[in-house]
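Read through the structure below, which is laid out as structure tokens, and then see the notes.
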Ligand SMILES: Cc1cc2nc3c(=O)[nH]c(=O)nc-3n(C[C@H](O)[C@H](O)[C@H](O)COP(=O)(O)O)c2cc1C
């Protein structure tokens, strides 16, 4: 396998097949630029931003890197149409569409020359989005942080690789070289990580957020929002446990408490009201590293295991 010259590396014009997953709040231009500068694909997580907020992030990343980067767009964003237009006007190299059925937006982005990837947690949606013209599909397993589906990365990625013609990117539960190696063996052509990049110097999350990731074990996450139809994996804090309980007795109250809760975790490290979104891979992460170290460590592992031919690096 020649990972430094595979379909994803060529499609995205990057050095290494490693993507930063879109992360609302957490995926700032600074973190994304660090990932792109280290040879991966950095991603601005546009979350619920309107076009003017996103424009500032795009202006910043253009100052911090001359490498390709992506903007992640979630289908729930009330400003989605203006955000899509901005991506086109700003000639953002890559759009990553997540959290829902993005088939409506793929043709428009593609017609305007934007490389477009789509995130899925099911094989049926993957086939629809491939049909709609997605250049690659990101399969996100239920181990991942943030909003989740109900199939594991191990099974989903294998399934997608066997039914799709476009390349598959594996997301969920990957935090190091062995996890990445497993994804490539399953048939993925790149990996996407979210949680691992939170525990980096360049991530602008509050120190408490990073500390919680280092401290948490593999069983220390919990799923909230399941009853309300938008399950999300967060670190098991008293707040998380309270929400999970409240969902059964008073879904409205639970819903209300979740509004702005990721922002409270990211900006203030607020343990009482914040959702510290993170995947099960928290249990594999024991130290803060630079983004470059995270990426280089994975690539060195792959090289040692002869997945990357060393002379290509
Ligand atoms: C804090 C956080 C916020 C996230 N927000 C988004 C988002 O806005 N859009 C999206 O498509 N995925 C989102 N995700 C999922 C990531 O893009 C990525 O696929 C996932 O984190 C990969 O799994 P991992 O956390 O095990 O590395 C988020 C994940 C985290 C941890």
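Residue numbers (our numbering): 503 to 815. We put the CB at the ideal spot given by N, CA and C, even for glycine.
Spell out the partners DSSP gives residue i in its beta bridges.
| i | result |
| --- | --- |
| residue 507 | Partner(s): none; residue 507 has no beta bridge. |
| residue 649 | 734 |
| residue 718 | According to DSSP, residue 718 bridges with nothing at all. |
| residue 724 | 736 |
| residue 639 | 620, 670 |
| residue 779 | 736 |
| residue 530 | None; residue 530 has no bridge partner. |
Can you look up residue i in the DSSP assignment and give me helix, strand or coil?
| i | result |
| --- | --- |
| residue 681 | helix |
| residue 574 | strand |
| residue 621 | strand |
| residue 525 | coil |
| residue 808 | coil |
| residue 800 | helix |
| residue 761 | coil |
| residue 748 | helix |
| residue 814 | In this prediction, residue 814 has a pLDDT of 48, which is less than 50 and means its spatial position is unreliable; what the coordinates show is noted afterwards. Three-state DSSP puts residue 814 in a helix. |
| residue 544 | strand |
| residue 713 | helix |
| residue 535 | helix |
| residue 518 | coil |
| residue 791 | strand |
| residue 632 | helix |
Following a CB-centred definition, is residue i positioned closer than 7 Å to any heavy atom of ligand 1?
| i | result |
| --- | --- |
| residue 691 | no |
| residue 626 | no |
| residue 621 | yes |
| residue 698 | yes |
| residue 705 | no |
| residue 745 | no |
| residue 528 | yes |
| residue 559 | no |
| residue 574 | yes |
| residue 773 | no |
| residue 780 | yes |
| residue 541 | no |
| residue 673 | yes |
| residue 510 | no |
| residue 647 | yes |
| residue 694 | yes |
| residue 642 | yes |
| residue 783 | yes |
| residue 676 | yes |
| residue 523 | yes |
| residue 549 | yes |
| residue 776 | no |
| residue 544 | no |
| residue 651 | no |
| residue 601 | yes |
What are the start and end residues of the beta strand (DSSP E) that includes residue i?
| i | result |
| --- | --- |
| residue 695 | 692-695 |
| residue 672 | 670-673 |
Is there at least one Cβ from chain D nearer than 8 Å to residue i's Cβ?
| i | result |
| --- | --- |
| residue 699 | As a matter of chain content, chain D is missing from the structure shown, which is built from one protein chain. |
Which stretch, first to last residue, makes up the alpha helix (DSSP H) that contains residue i?
| i | result |
| --- | --- |
| residue 656 | 655-665 |
| residue 561 | 553-566 |
Residue ranges of each alpha helix (DSSP H) run of no fewer than 4 residues wholly in the segment 575-608, ordered along the chain?
582-591
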